[in-house]
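Below: one structure, written as structure tokens.
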Amino acid sequence: MASGVKPRVKVPKTAAAGEVITIKTLISHKMESGQRKDSDGNIIPQSIINTFTCDFNGQNVINVELHGAISTNPYFQFEATVPESGEFTFTWQDDDGSTYTDSKSIAVS
Amino acid sequence: MKISNLHRFVQIAVTASVVSGVASIANAQDNDSLVLNGEIEMVTRTAAPAYIDGLDEVISGWHFRSDETQALQMDDFDNSGMLGVDAGQEAWDTVQGPEQKSCASCHGDVSSMEGVRTVMPKYNEEAADLWTLEDYINNCRTERQNVEAWGYTSGPMTNMAALIAVQSRGMPMNVAIDGPAAPFWEQGREMYYTRTGVLELSCASCHEQSAGLHIRADHLSQGQINGFPAYRLKNAKLNGIHARFKGCVRDTKAETYKPGGPEFHALELYVASRGNGLSVEGPSVRN
């Protein structure tokens, strides 16, 4: 696991049925591009978050593939329509095989 | 919440359109107001302290940035500098070294640091020298925790400085420039107005006489340091005060002083005193 990785998610606690809500996510990650060299001139291997997904009650909301040249600490903001109360789950896949997850519940009135 | 947000956007939109008419002539600073998370109101413009001859009003660097960059600082979730604060909090709670102490072992909750950032740098009687926040942090590490000092501008150091700055957000900067601090302040003022480097620029050339004008594709600010540590979009990390000073001196094509050295200590006191009255913003977001 890369060091200092910590996911953060912001989802409203409540919403009306069918309301479009804004979700923000931020994960601290170095996103080593694979282009840089260390002080000895050796290439530092690429180590980035390569996939980000968000699901709501088992249904996929967004599925993102990330490639090189994405800045450190990737931030995503997107919208989702919530039909019912439930839980958003967020997953980030690291090149080194680690998976980082977070989840947030929302109550629909 | 929704209404107030909308109101804020409308307000920004209106001021932006008024300012854009003038921007091409001279100044870039706008009249938006900085409210963090819809809660903490910040003083970002205030009358200049009496001992500053060259300015009528002191203005936070926040005003010189675009609306998009400004918005990043208005919400802690959007402010990537808060990642550094989180890392600082972890370090604060980490028990380490032969003494088996964390910062919290002596200081308790980090909220006990409220107000500390507003008076830094300050004269330390015991050491008979001017100490910055970084000096106090390293002193705790070497004298109390018995662990190695952090590099003056290193990541862990800047993260800890950000954590401590956050405790004072919204409080006015209030460094002391009299008494034993006076000689340091005089030295700092001397440096501020002395032209250096191949380009023969002083701090004042840009930040006093030319604030608001373009420097290449960017706008010069007054060079206030109330917002430090600052998260810069250009290098995607928190930057300390002396690291920024070093960058500025380098840009005049001069040999820079050493971050953490006596020259930058004096300069930090003088520059901090120019912003007395502005709210502590750290960690701010800048270009």
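Protein sequences appear in the order of chains A and B.
Following the numbering used here, the numbering of the first sequence begins with 1 at its first residue and continues without gaps.
Following the numbering used here, the numbering of the second sequence begins with 1 at its first residue and continues without gaps.
Backbone N, C-alpha and C define an ideal beta-carbon position, used for all residues, glycine too.
Assumed close pair residue i, residue j - CB separation to whole angstroms, cut-off 8 Å
{"i": "L163 of chain B", "j": "V43 of chain B", "result": "Actually they do not touch by this definition, with Cβ atoms about 22 Å apart."}
{"i": "S102 of chain B", "j": "T94 of chain B", "result": "5 Å"}
{"i": "T144 of chain A", "j": "S109 of chain A", "result": "Only positions 1 to 109 of chain A appear in the structure, and residue 144 of chain A is not among them; the question remains open."}
{"i": "L130 of chain B", "j": "H265 of chain B", "result": "5 Å"}
{"i": "M120 of chain B", "j": "I137 of chain B", "result": "Their Cβ separation, rounded to whole angstroms, is 11 Å, which puts M120 of chain B and I137 of chain B out of contact at 8 Å."}
{"i": "D56 of chain B", "j": "A50 of chain B", "result": "The pair is not a contact, with the Cβ atoms about 11 Å apart (cut-off 8 Å)."}
Reduced DSSP secondary structure (H/G/I, E/B, other) of residue i
{"i": "D94 of chain A", "result": "strand"}
{"i": "V86 of chain A", "result": "Sequence inspection shows Gly at residue 86 of chain A; the Val mentioned does not correspond to that position. DSSP places G86 of chain A in strand when its eight states are reduced to three."}
{"i": "A15 of chain A", "result": "strand"}
{"i": "R8 of chain A", "result": "strand"}
{"i": "W62 of chain B", "result": "helix"}
{"i": "S24 of chain B", "result": "Reliability fails at S24 of chain B, whose pLDDT of 40 lies under 50, so the model's placement of it is uncertain and the value that follows must be treated cautiously. In this structure, S24 of chain B counts as coil in the three-state DSSP scheme."}
{"i": "S17 of chain B", "result": "Unreliable placement is indicated for S17 of chain B, whose pLDDT of 42 sits below 50; the coordinate value is still reported in the next sentence. S17 of chain B: helix per DSSP, three-state reduction."}
{"i": "V110 of chain B", "result": "helix"}
{"i": "V10 of chain B", "result": "With a pLDDT of 45 at V10 of chain B, under the threshold of 50, the predicted position of this residue should be treated as unreliable, though the coordinate-derived value follows. Helix."}
{"i": "A128 of chain B", "result": "coil"}
{"i": "H207 of chain B", "result": "helix"}
{"i": "I40 of chain B", "result": "strand"}
{"i": "I164 of chain B", "result": "helix"}
{"i": "G184 of chain B", "result": "The amino acid occupying residue 184 of chain B in the given sequence is Phe; Gly does not appear at that position. DSSP places F184 of chain B in helix when its eight states are reduced to three."}
{"i": "L72 of chain B", "result": "helix"}
{"i": "Y257 of chain B", "result": "coil"}
{"i": "Q77 of chain A", "result": "strand"}
{"i": "R216 of chain B", "result": "coil"}
{"i": "Q145 of chain B", "result": "helix"}
{"i": "V198 of chain B", "result": "coil"}
{"i": "V175 of chain B", "result": "coil"}
{"i": "V20 of chain A", "result": "strand"}
CB contact flag (residue i, residue j, <8 Å)
{"i": "A17 of chain A", "j": "P83 of chain A", "result": "yes"}
{"i": "S71 of chain A", "j": "A87 of chain B", "result": "no"}
{"i": "Q73 of chain B", "j": "S279 of chain B", "result": "no"}
{"i": "A204 of chain B", "j": "G54 of chain B", "result": "yes"}
{"i": "G155 of chain B", "j": "L267 of chain B", "result": "no"}
{"i": "S5 of chain A", "j": "Y100 of chain A", "result": "Correcting the residue identity first, residue 5 of chain A is Val in this sequence and not Ser. In this structure, Y100 of chain A lies closer than 8 Å to V5 of chain A by Cβ."}
{"i": "L36 of chain B", "j": "R169 of chain B", "result": "yes"}
{"i": "N132 of chain B", "j": "M173 of chain B", "result": "The question names Asn, but residue 132 of chain B is Thr in the sequence shown. No, Cβ-Cβ distance for T132 of chain B and M173 of chain B is not below 8 Å."}
{"i": "L144 of chain B", "j": "E99 of chain B", "result": "In the sequence as presented, Leu is not what sits at residue 144 of chain B; that position holds Arg. Cβ distance < 8 Å, so R144 of chain B and E99 of chain B count as in contact."}
{"i": "E281 of chain B", "j": "W92 of chain B", "result": "no"}
{"i": "S221 of chain B", "j": "A211 of chain B", "result": "yes"}
{"i": "G227 of chain B", "j": "H242 of chain B", "result": "no"}
{"i": "F78 of chain A", "j": "I62 of chain A", "result": "yes"}
{"i": "Y270 of chain B", "j": "Y192 of chain B", "result": "yes"}
Residue i: first and last residue of the uninterrupted beta strand (DSSP E) it sits in
{"i": "I49 of chain A", "result": "I49 to F56"}
{"i": "N124 of chain B", "result": "K122 to N124"}
{"i": "R232 of chain B", "result": "A230 to R232"}
{"i": "R286 of chain B", "result": "S284 to R286"}
{"i": "V108 of chain A", "result": "T99 to V108"}
{"i": "A47 of chain B", "result": "R45 to A47"}
Residue from the options whose Cα sits closest to the Cα of residue i
{"i": "V249 of chain B", "options": "B:M82, B:F184, B:T94 and B:G197", "result": "B:G197"}
{"i": "F64 of chain B", "options": "B:K234, B:D218, B:N226 and B:E281", "result": "B:D218"}
{"i": "G223 of chain B", "options": "B:Y257, B:R274, B:R216 and B:G260", "result": "B:R274"}
{"i": "I76 of chain B", "options": "B:D56, B:G38 and B:D135", "result": "Position check: residue 76 of chain B holds Asp in this sequence, whereas Ile was assumed. It is B:G38 whose Cα lies nearest to the Cα of D76 of chain B."}
{"i": "T153 of chain B", "options": "B:M171, B:G240 and B:V110", "result": "B:G240"}
{"i": "C54 of chain A", "options": "A:K24, A:H67, A:D94 and A:V20", "result": "A:K24"}
{"i": "D102 of chain A", "options": "A:H67, A:Q59, A:F52 and A:G68", "result": "A:F52"}
{"i": "E263 of chain B", "options": "B:G277, B:P183 and B:H207", "result": "B:P183"}
{"i": "S202 of chain B", "options": "B:S80, B:A128 and B:D251", "result": "B:D251"}
Span of the alpha helix (DSSP H) around residue i
{"i": "D86 of chain B", "result": "G81 to D93"}
{"i": "V64 of chain A", "result": "V64 of chain A -> not in any alpha helix (DSSP H); beta strand (DSSP E) instead, spanning Q59 to E65."}
{"i": "K246 of chain B", "result": "I241 to D251"}
{"i": "Y270 of chain B", "result": "P262 to R274"}
{"i": "Y136 of chain B", "result": "L133 to N139"}
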